[in-house]
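>
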Amino acid sequence: MGSCGCSTRTLIFALFGPPGCGKGTQATMIKERLGYVHVSTGDMFRNAIARQDPIALQMQEYMKRGDLVPDEIIRDMLQVELGALLAQSQRPKGIILDGFPRTLKQADLLGEIMVKLKLQFTGVISLEVPEEMLVQRLLKRGTGRPDDKEDVIRERMKVYYEKTRPLEEYYAKHNALNTINGVGTIEEIFERITPVVRSWETNSPC
Ligand code: AP5
Ligand code: MG
260 MGSCGCSTRT LIFALFGPPG CGKGTQATMI KERLGYVHVS TGDMFRNAIA RQDPIALQMQ
320 EYMKRGDLVP DEIIRDMLQV ELGALLAQSQ RPKGIILDGF PRTLKQADLL GEIMVKLKLQ
380 FTGVISLEVP EEMLVQRLLK RGTGRPDDKE DVIRERMKVY YEKTRPLEEY YAKHNALNTI
440 NGVGTIEEIF ERITPVVRSW ETNSPC
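Here the working numbering is used: the first residue of the sequence shown is 260, the next is one more, and so on.
1. Based on the DSSP secondary-structure assignment, which residues constitute the bridge partners of ALA273?
2. Tell me whether the segment 356 to 374 and the segment 323 to 340 touch, counting them as touching only if at least three CB pairs, one residue from each stretch, are closer than 8 Å.
3. If the criterion is Cβ atoms closer than 8 Å, does the pair PHE359 and THR300 meet it?
4. Report the rounded CA-to-CA distance for LEU397 versus ASP407, giving the unit in angstroms.
5. Check whether the Cβ of ASP406 lies closer than 7 Å to any heavy atom of ligand 2, and answer yes or no.
6. Provide the residue(s) that pair with VAL298 in DSSP beta bridges, ordered along the chain.
7. Using 10 angstroms around the beta-carbon of ILE412, count the other beta-carbons present and answer buried if the total reaches 16, otherwise exposed.
8. Are the CB atoms of GLY283 and LYS352 nearer to each other than 8 Å?
9. Does ligand 1 have even one heavy atom less than 7 Å from the beta-carbon of THR284?
10. Taking 8 Å as the threshold (C-beta atoms), are VAL418 and LEU255 in contact?
11. Near PHE272, what residues of its chain come up, given a Cβ to Cβ distance below 6 Å and the 5 sequence neighbours on each side ignored?
12. Please go through the same chain and pick out, in chain order, the residues whose beta-carbon is closer than 6 Å to the beta-carbon of GLN319, but skip the five residues on each side of it.
13. Buried or exposed for ALA343, going by 16 or more other Cβ atoms inside 10 Å?
14. List the whole-angstrom C-beta distance separating ILE355 from ALA286, where the pair is believed to meet the contact cut-off of C-beta under 8 Å.
15. How would you call THR362, buried or exposed, if buried means at least 16 neighbouring beta carbons within 10 angstroms?
16. Starting from THR362 and walking both ways along the beta strand (DSSP E), at which residues does that stretch end?
17. Among residues of its own chain, excluding the 5 on either side of GLU447, which ones have a beta-carbon nearer than 7 Å to its beta-carbon?
18. With a 10 Å radius around its C-beta and 16 neighbouring C-beta atoms as the bar for buried, classify ASP410 as buried or exposed.
19. By DSSP, does THR444 sit in helix, in strand, or in coil?
See the structure below:
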């Protein structure tokens with residue numbers, strides 16, 4: 260165990276930003292190139308719906324209309340997922356949270372999960388992209404996600420500004436916010452993110 264009380268060197272941070280800013284795309288890059296595990300609460304929820312999980316089925320209307328699923332439901336799913344990852348014989352070098360936390364309440368819940376799992380949350384990388392570009396990206400995505408219709412996209416943006424964006428100020432106050440320009444090629448954005456992750460790796464307390 261390290262001097263800070265953490266039982267593992269696993270680094271954990273969040274990719275943050277509005278729908279379409281590139282959280283999933285950049286998490287995939289970080290996974291492939293830097294060897295981190297990608298944990299997306301949106302993917303977890305979509306997978307749970309696909310396997311007909313009864314709670315996810317009950318909650319799918321939130322996602323379909325572009326609203327957030329209740330905090331505690333997401334918290335429970337994430338806790339199980341992270342617990343399973345840390346129980347593996349080979350613990351991950353690092354974990355990227357994609358899409359969590361998304362409310363101030365979730366930031367508190369994340370703190371509780373970190374204590375329970377003896378991890379230390381490192382910080383947030385926020386991807387900034389103008390709204391019209393976000394909408395265009397999502398309309399072009401073409402994967403058939405039920406929430407990629409224009410009216411639902413607009414609702415997701417509204418929910419982001421109302422419920423999620425206040426977290427930027429929260430993490431800025433905690434000196435844990437790193438804002439990155441999310442406009443450019445996928446490669447260029449990855450090159451902007453990498454030094455932040457590398458500096459966290461170097462300065463990791465244990
Ligand atoms: P979630 O799945 O997290 O969706 P989201 O936040 O709305 O964001 P997206 O996944 O649409 O975008 P992204 O930022 O990952 O961008 P991507 O890389 O895909 O959540 C969906 C729903 O689940 C929520 O609405 C809610 O109901 C529920 N949920 C999930 N987490 C929750 C939580 N914590 N609490 C409560 N509810 C929760 O890129 C988008 C497109 O742009 C892609 O086509 C990509 O190829 C393209 N692209 C990416 N980068 C670039 C680039 N640099 N240039 C051009 N195109 C690019
Ligand atoms: Mg995503």
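Built from N, CA and C at the ideal position, the CB exists for glycine as well.
The relevant details are as follows:
1. Within the sequence shown, residue 273 is the residue found at index 14, counting from 1. Paired residue(s): LEU356, VAL383.
2. yes
3. In the sequence shown, counting from the first residue as 1, residue 359 sits at position 100. In the sequence shown, counting from the first residue as 1, residue 300 sits at position 41. Yes; because the gap between Cβ atoms is below 8 Å, this pair is in contact.
4. The residue you call residue 397 lines up with position 138 of the sequence shown. The residue you call residue 407 lines up with position 148 of the sequence shown. Approximately 6 Å, taken between the alpha carbons.
5. Position 147 of the sequence shown holds residue 406. Answer for ASP406: no, Cβ out of range of ligand 2.
6. Taking the sequence shown and counting its residues from 1, the one referred to as residue 298 is at position 39. DSSP, once it has assigned bridges, lists LEU356 as partnering VAL298.
7. The sequence position of residue 412 within the sequence shown is 153, counting from 1. Counting Cβ neighbours within 10 Å, ILE412 comes out buried, since at least 16 surround it.
8. By 1-based counting over the sequence shown, the position of residue 283 is 24. By 1-based counting over the sequence shown, the position of residue 352 is 93. Not in contact: GLY283 and LYS352 (Cβ atoms no closer than 8 Å).
9. Position 25 of the sequence shown, counting from 1, holds the residue named residue 284. Correct: THR284 has its Cβ closer than 7 Å to ligand 1.
10. The structure shown has nothing for residue 255, since the chain only spans 260 to 465.
11. Within the sequence shown, the letter at position 13 stands for residue 272. Hits under 6 Å: THR381, GLY382.
12. Position 60 of the sequence shown, counting from 1, holds the residue named residue 319. If we look at GLN319 and ignore the five residues flanking it on each side, its Cβ neighbours are ILE308.
13. Start at 1 with the first residue of the sequence shown, and residue 343 comes out as number 84. Classification of ALA343: exposed, given that the 10 Å Cβ count is below 16.
14. In the sequence shown, the residue the question calls residue 355 occupies position 96. In the sequence shown, the residue the question calls residue 286 occupies position 27. ILE355 to ALA286, Cβ: 5 Å. Contact.
15. Working through the sequence shown from its first residue, we reach residue 362 at position 103. By the neighbour-count rule (16 or more Cβ atoms within 10 Å), THR362 is buried.
16. Along the sequence shown, one-based indexing puts residue 362 at 103. Here THR362 belongs to no beta strand (DSSP E), and DSSP marks it neither H nor E.
17. If you number the sequence shown from 1, residue 447 lands on position 188. Cβ neighbours of GLU447 beyond the five flanking positions: none.
18. Against the sequence shown, residue 410 aligns to sequence position 151. Its Cβ having fewer than 16 others within 10 Å, ASP410 is exposed.
19. One-based indexing of the sequence shown puts residue 444 at position 185. Three-state DSSP puts THR444 in coil, outside helix and strand.
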